[in-house]
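The block underneath contains the structure these notes are about, expressed in structure tokens.
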Amino acid sequence: MPGMENITLFALAALVLALTPGPDMLLIASRSASQGVRAGFATLAGIQAGVYCHALAAALGLSQLLQLVPLAYDLIRYLGAGYLLYLAWGCVRGGQPASVMAASTGLSAGTAFRQGLWTNLLNPKMALFVLALFPQFVPPAHGSLVMWFLLLATVLNGVGLLVNGVVIVAASRLARGLLAAPARRWPQYVLGGVFALLAGRLLWQPR
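FYI, the numbering for the sequence shown is 1 to 207, going by my numbering.
Here it is in structure tokens:
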């Protein structure tokens, strides 16, 4: 199959990336510890849907706008940071103790999915990452660039599902054991702290 070597190399690169702790893994782990396996996988699904959106945008040339127009980059960055700070405030301010995972917090899978999706979409660094990495693994006679970018996004998401799936189950089980005692809200505070940390990362890290 033409390009199979490229896909294999990309899968290895994706595995290295997935095994390297980063913001997505931190968010998924804290979400799973706070609200359980279902919320963790829903958040992961939202993040991976965002990867497809970034891949499509890069293939169509839209992501280059972030490189050419600094104001567009900064606008998305500030919107993303504001959204993350809003989520952090909601975790710290709101509701009930997280003693029975998602049932206690009332967080639906749809809400977790949307939060994962918007967290990914409002991260301009993800758009630039896709724009920088994906073209290196597209064969010279690539045919449809959109098809190849979506294929690479599928490989990246498949590898991420395997690695982060383990993280989700492990974090959820660990938190369940720690929460077997009386109800505590510390997982919610940890999750709020993660959102705040991601917001700070967007605001203060250089491009």
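Virtual Cβ for every residue (Gly too), placed ideally from N, Cα, C.
Could you check what DSSP says for residue i in three-state terms: helix, strand or coil?
i: V69; result: coil
i: P23; result: helix
i: M101; result: Caution is warranted here: a pLDDT of 39 is assigned to M101, below 50, making its placement in the model unreliable, and the coordinate value is therefore given only provisionally. Correct three-state label for M101: coil.
i: P139; result: coil
i: N157; result: helix
i: N164; result: helix
i: L12; result: helix
i: G36; result: helix
Looking at residue j and residue i, is the spacing between their C-beta atoms short of 9 Å?
i: A55; j: F113; result: no
i: A14; j: G160; result: yes
i: A88; j: A175; result: no
i: Y52; j: L133; result: no
i: G116; j: T43; result: yes
i: V146; j: L27; result: no
Which residues in the same chain have their Cβ closer than 7 Å to the Cβ of residue i, if we skip the five residues on either side of it in sequence?
i: D24; result: I47
i: N157; result: Q48, V51
i: L122; result: I76, L79, G80, Y83
Between the options, which has its C-alpha nearest residue i's C-alpha?
i: L66; options: V155, F129, A153; result: F129
i: I168; options: M4, G36, L71; result: G36
i: L107; options: I7, F10, S32, V16; result: S32
i: L198; options: N120, T154, L152; result: N120
i: W118; options: L79, T154, L17, L60; result: L79
i: L17; options: G200, L145, V155, Y189; result: V155
i: S172; options: R201, S63, R38; result: R38
i: L19; options: G192, V166, G193, W204; result: V166
Once the 5 residues before and after residue i are set aside, which same chain residues still bring their CB inside 6 Å of it?
i: V190; result: S30
i: S245; result: Past the edges of the chain, shown from 1 to 207, lies residue 245, and the structure says nothing about it.
i: L202; result: R77, G80, A81
Once you ignore the five residues that flank residue i on each side, which residues in its own chain have a CB closer than 8 Å to its CB?
i: L85; result: F195, A196, A199
i: V218; result: No statement about residue 218 is possible, as the shown extent of the chain runs from 1 to 207 and does not include it.
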